[in-house]
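Using this note's numbering, the letters of the sequence shown correspond one by one to residues 1 to 143. Worksheet for the structure shown next.
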Amino acid sequence: MAFDAKYETGVLWQDFQHKQLIDLFGKIKEAGSDDKDKNLYRYTIAFLAMYVNHHFKLEEEYMGKYNYPDKELHEKKHREFVKELKEFRAENKNYSRAGTDDLMMRMGEWILSHILENDQKLGKFILQKEHLLDNSVHGYNFN
Ligand SMILES: [Fe+2]
Ligand SMILES: [Fe+2]
């Protein structure tokens with residue numbers, strides 16, 4: 001699971017955060033091989049949950065700001081993911097190989113396909129909106 005050009009949306013903050021999210025999945029996968037830090041798995045998955053919430057909230061703020069037509073569906077996808085991650089954390093309080101394999105299969109793949117199917121569409125929309133704003137009277141948006 002790695003971030004490459006095909007996952008780019010063109011929106012700087014979105015691409016940066018997607019890369020961070022994908023890196024976090026990799027860290028969780030490796031957490032079990034670190035014998036020195038038994039808490040690494042728990043800390044990293046807690047951080048992933050927090051970061052996911054922050055990321056989804058930011059995308060949703062942009063959807064609201066620009067009246068994104070697909071807002072409802074996109075937000076529904078976010079809610080489903082948050083619910084699934086919450087359930088996963090409840091069922092996998094400690095590291096296990098099977099648990100992290102399951103996390104990669106279900107949620108890792110989900111994130112990647114969500115980027116391709118939903119976030120790239122949103123990114124394109126944001127870029128269009130911001131391009132229009134750039135072409136407005138003085139190129140600034142004070143909203
Ligand atoms: Fe999204
Ligand atoms: Fe996203």
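For every residue, glycine included, the Cβ atom is placed at its ideal position computed from N, Cα and C.
> Should M1 and G26 be called a contact, given that it needs their Cβ atoms to be closer than 8 Å?
Replying inline: yes
> Does the beta-carbon distance from I22 to F3 come in below 8 Å?
Replying inline: yes
> Whose CA, out of K76, V52, S33, lies closest to the CA of G108?
Replying inline: V52
>> Measuring only the C-alpha atoms, how far is E60 from L12?
In response: 16 Å
> Are F56 and H78 touching if we call contact CB-CB under 8 Å?
Replying inline: yes
>> If distances are taken between C-alpha atoms only, which option among K6, A5, Y66, M104 comes closest to F88?
In response: M104
> Considering F3, what are the terminal residues of the alpha helix (DSSP H) in which it resides?
Replying inline: That residue, F3, is in no alpha helix (DSSP H); it is neither H nor E in DSSP.
> Mind checking whether the beta-carbon of H18 lies closer than 7 Å to any heavy atom of ligand 2?
Replying inline: yes
>> My output table needs one value for D37: the three-state DSSP class, helix, strand or coil.
In response: coil
> Given that a residue counts as buried once 16 or more other Cβ atoms are within 10 Å of its Cβ, and exposed if not, what is G123?
Replying inline: buried
>> By the three-class DSSP mapping on this structure, what secondary structure does K93 have?
In response: coil
>> Any heavy atom of ligand 2 closer than 7 Å to the beta-carbon of Q120?
In response: no
> Is any beta-carbon of chain C found at less than 8 Å from that of H114?
Replying inline: Among the chains of the structure shown, chain C does not appear; only one protein chain is present.
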